[in-house]
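Numbering (the UniProt record's numbering), first residue to last: 1 to 299.
By construction, the Cβ of each residue, glycine as well, lies at the ideal position given by its N, Cα and C atoms.
Listed below in structure tokens is the structure:
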């Protein structure tokens, strides 16, 4: 048997983790065909089939599952050893991958990312803001960003950016001649701009006042999937939108939008950066968290 290279084994581990040649190739920064050829070559060297492949799915064979169980902790120890070497050099390096929603990415890009990249130029930051919630371990991310209340319990969370407030907004031109809603149920008498979540479901607007919590499936003939578009449509007089306050702030300041149901829109716990509790913390992520906390203290 020909001994496989470390690159071959890393390619196998990536495909096994993602159960997809396309996703693994994206994470590794190689073409799908190159990755496929590497796996075929590895199977040839080992003399066993590692994956069951169909046009729709990829799954491990028994031999592949056995190899992964032994290989995964070895690769983790290797990553830790290389990271320790990076620390001894005095500066983090390598790639840091963070999955963030658009709100989180916007906040990070304002102050945290510029300072981090200035301090650690040897780190390549890959900030992905595709909108959907992902399993950061399965998808090969070092950390993720989401609302604090939605962070899985087996993760370590670092809160940042202060509280987040979702608000209902509309253009004065839309409200002209219409009754101002006093309760969330009054929205049923209005035209609302609905939001499609990355999961495909339509978002039910959630309101809180004292001990009362109400979720409203609002009416409307326009559905969008982006907060910037929701705000713009509201400013254009298309109806009432429900968005994070910082997306609407420029339009509120210029008078293009006004708030509605203010007393039903209290602040929530805000955003958090999170990462796996029981995995080695890369020096690049540790440095990013330090910068995040420094910036947050200075707000």
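- By the C-beta density criterion, residue 190 is buried, having at least 16 other C-beta atoms within 10 angstroms.
- With at least 16 other beta carbons inside 10 angstroms of its own, residue 107 counts as buried.
- Distance from residue 113 to residue 272 at the Cβ level is roughly 17 Å; contact not present, criterion being Cβ atoms closer than 8 Å.
- In the structure shown, the three-state DSSP call for residue 260 is strand.
- Assignment of residue 50 by DSSP, reduced to helix, strand and coil, places it in the coil class.
- Distance from the Cα of residue 292 is smallest, within the candidate group 167, 52, 161, 120, for 161.
- The beta carbon of residue 58 lies closer than 7 Å to those of 15, 19, 20, 21, 51 in the same chain, with the five residues before and after it left out.
- Residue pairing for residue 265: DSSP places it in no beta bridge.
- In this structure, residue 274 keeps its C-beta atom at 9 Å or more from the C-beta atom of residue 170.
- Residue 214 places its beta carbon 9 Å or farther from that of residue 172.
- From the listed residues 286, 219, 3, the smallest Cα separation to residue 193 is found for 219.
- Counting along the chain, residue 99 sits inside no alpha helix (DSSP H); it lies in the beta strand (DSSP E) bounded by residues 94 to 100.
- Here the alpha carbon of residue 70 sits roughly 11 Å from the alpha carbon of residue 13.
- Taking C-beta atoms under 8 Å as the contact rule, residue 267 and residue 165 qualify, at a distance of about 5 Å.
- Your pair residue 216 and residue 227 does not check out as a contact, with CB atoms roughly 18 Å apart and the cut at 8 Å.
- Where residue 144 is concerned, the enclosing beta strand (DSSP E) starts and stops at 143 to 147.
- Rounded to whole angstroms, residue 120 and residue 288 show a C-alpha spacing of 9 Å.
- Per DSSP, the unbroken beta strand (DSSP E) holding residue 195 starts and ends at 193 to 195.
- DSSP places residue 274 inside the beta strand (DSSP E), whose first and last residues are 271 to 276.
- Within the UniProt domain "HTH lysR-type" (4 to 61), the complete alpha helix (DSSP H) segments of 4 residues or longer fall at 6 to 18, 21 to 28, 32 to 46, listed in chain order.
- Within the same chain, Cβ atoms closer than 6 Å to the Cβ of residue 125 are found at 96, the five residues on either side in sequence being excluded.
- Residue 145 is a Cβ neighbour of residue 105, given a cutoff of 9 Å.
- For residue 180, no pairing in a beta bridge is given by DSSP.
- In the DSSP assignment, the residues bridged to residue 214 are 207.
- Of the candidates 49, 55, 180, 49 places its Cα closest to the Cα of residue 63.
- Burial state of residue 181 is buried, judged by a 10 Å Cβ sphere holding 16 or more other Cβ atoms.
- By the beta-carbon neighbour count (other beta carbons within 10 angstroms, threshold 16), residue 73 is exposed.
- Around the beta-carbon of residue 199, fewer than 16 other beta-carbon atoms lie within 10 Å, marking it exposed.
- One Cα belongs to residue 188, the other to residue 91, and the distance between them is close to 57 Å.
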